[in-house]
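Residue numbers (this note's numbering): 328 to 613.
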């Protein structure tokens with residue numbers, strides 16, 4: 328990434344929110360009507376996930392998704408320079424039994440998140456509000472090394488640590504107070520598939536490394552869903568997956584997570600990353 332490109336990104340990031348969303352309206356038009364960005368992927372994903380919906384309903388949902396995608400794309404750029412105060416005003420953690428349990432705990436924890444809402448804002452506010460323990464955000468390396476570094480800088484702005492997936496267990500062994508946050512709905516490579524879930528009407532592959540890590544470290548496991556309240560405003564819902572991971576059956580944790588995530592998606596269907604090629608690996612009995 329050239330210095331000029333980086334300068335332009337940061338300059339755009341300093342624009343006020345009304346200007347950001349004016350650009351987002353334009354970006355939606357470009358994504359949906361001009362580039363038709365991954366439109367076939369989105370259409371197929373929605374058709375397979377919601378066969379009970381009519382073509383018109385899925386078309387309306389697709390348009391909602393592209394508007395949301397445009398917003399979170401530019402909101403993520405805004406995150407390069409957003410202040411703590413502004414972020415705390417726009418992204419809050421909802422009060423719940425799960426949230427109270429999480430914030431009263433002082434031991435390490437495993438957090439399963441997903442590509443819902445604005446997950447970059449969610450990661451920042453989660454670390455910012457977790458004052459009694461360090462938070463490490465687990466990432467998979469992006470091929471473009473300069474962009475990879477930019478995203479690491481963004482994710483660590485307010486004190487979060489960033490750690491590659493291959494090193495997360497080692498870091499958690501060093502510091503048993505670390506909270507490890509996984510974007511657990513990412514598509515594993517074929518050789519990394521640990522579990523096939525019945526998810527959104529389809530057999531869907533998932534990693535299961537975070538589950539094994541929780542069982543070995545005996546750490547509480549939480550699901551965090553980022554719900555869109557209105558344009559530019561989000562709430563994080565924290566739910567307990569298990570507070571006794573050592574006693575869970577194999578795949579019980581990841582299975583519970585997939586059910587919680589599916590319910591969150593059905594509650595707010597446009598709020599997930601439908602442009603992701605989530606079902607490129609097909610299930611085989613062999």
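The beta-carbon is built from N, C-alpha and C at its ideal position, and this holds for glycine as well.
Residue range of the unbroken beta strand (DSSP E) whose run includes residue 531: For the purposes of this step, residue 531 is identified with residue 204 of the chain shown, where counting begins at 1. 529-533 is the span of the beta strand (DSSP E), which, as asked, contains residue 531.
Simplified DSSP assignment, three categories, for residue 469: Your numbering for residue 469 matches position 142 in the chain shown. In the structure shown, residue 469 sits in coil (DSSP, three-state: anything other than H, G, I, E or B).
Nearest residue (CA-CA) to residue 350, options 556, 397 and 534: Here residue 350 is taken as the residue at index 23 of the chain shown, counted from 1. Residue 350 has its Cα closest to that of 397, out of 556, 397 and 534.
Pair within 8 Å by beta-carbon distance, residue 591 and residue 552: Locating residue 591 in the chain shown gives position 264, where the first residue counts as 1. Locating residue 552 in the chain shown gives position 225, where the first residue counts as 1. Taking 8 Å as the Cβ cut-off, residue 591 and residue 552 qualify as a contacting pair.
Pick from 598, 607, 537 and 604 that is closest to residue 394, judged by C-alpha positions: Numbered from its first residue, the chain shown carries residue 394 at position 67. Considering only alpha carbons, the answer is 598.
Rounded separation between residue 557 and residue 550 - CA only: Here residue 557 is taken as the residue at index 230 of the chain shown, counted from 1. Here residue 550 is taken as the residue at index 223 of the chain shown, counted from 1. Looking at the two C-alpha atoms, the distance is approximately 22 Å.
Other residues of its chain near residue 585: CB distance less than 7 Å, five sequence neighbours each side excluded: As a first step, residue 585 is located in the chain shown; it is residue number 258 there, counting from the start. So the qualifying residues of the chain are 524, 526 and 533.
Sequence ranges, alpha helix (DSSP H) only - wholly within the stretch 461-514, length at least 4: 472-482 and 495-501
Any beta strand (DSSP E) of 3 or more consecutive residues that is wholly inside the stretch 380-455: 418-420 and 436-440
7 Å CB neighbourhood of residue 407 in its chain, flanking five on each side removed: Here the question's residue 407 lines up with position 80 in the chain shown. Same-chain partners within the cutoff: 336, 337, 340 and 481.
Coil, strand or helix - residue 554 by DSSP: On the chain shown, residue 554 is found 227 positions in, with the first residue counted as 1. Note: residue 554 maps to strand in three-state DSSP.
With 16 other Cβ atoms within 10 Å as the buried cut-off, status of residue 429: Reading the chain shown from its first residue, position 102 is the one you call residue 429. When all chains shown are included, residue 429 counts as buried.
Option nearest residue 498 by Cα separation, candidates 462, 471, 520 and 517: Position 171 of the chain shown, counted from the first residue, corresponds to residue 498. Comparing Cα-Cα distances from residue 498 to each of 462, 471, 520 and 517, the minimum goes to 462.
In DSSP terms, what residue 575 is bridged to: For this step, residue 575 is matched to residue 248 along the chain shown. Per DSSP, none; premise fails for residue 575.
Member of 470, 426, 471 and 505 whose CA lies at the smallest distance from the CA of residue 486: Counting from 1 along the chain shown, the entry for residue 486 is found at position 159. Measuring from the Cα of residue 486, the nearest candidate turns out to be 505.
Residue 614 - partner residues in DSSP beta bridges: Since the first residue of the chain shown is 328 and the last is 613, residue 614 is not available in this structure.
Cβ pair count under 8 Å reaching 3, the stretch 427-444 against the stretch 454-469: yes
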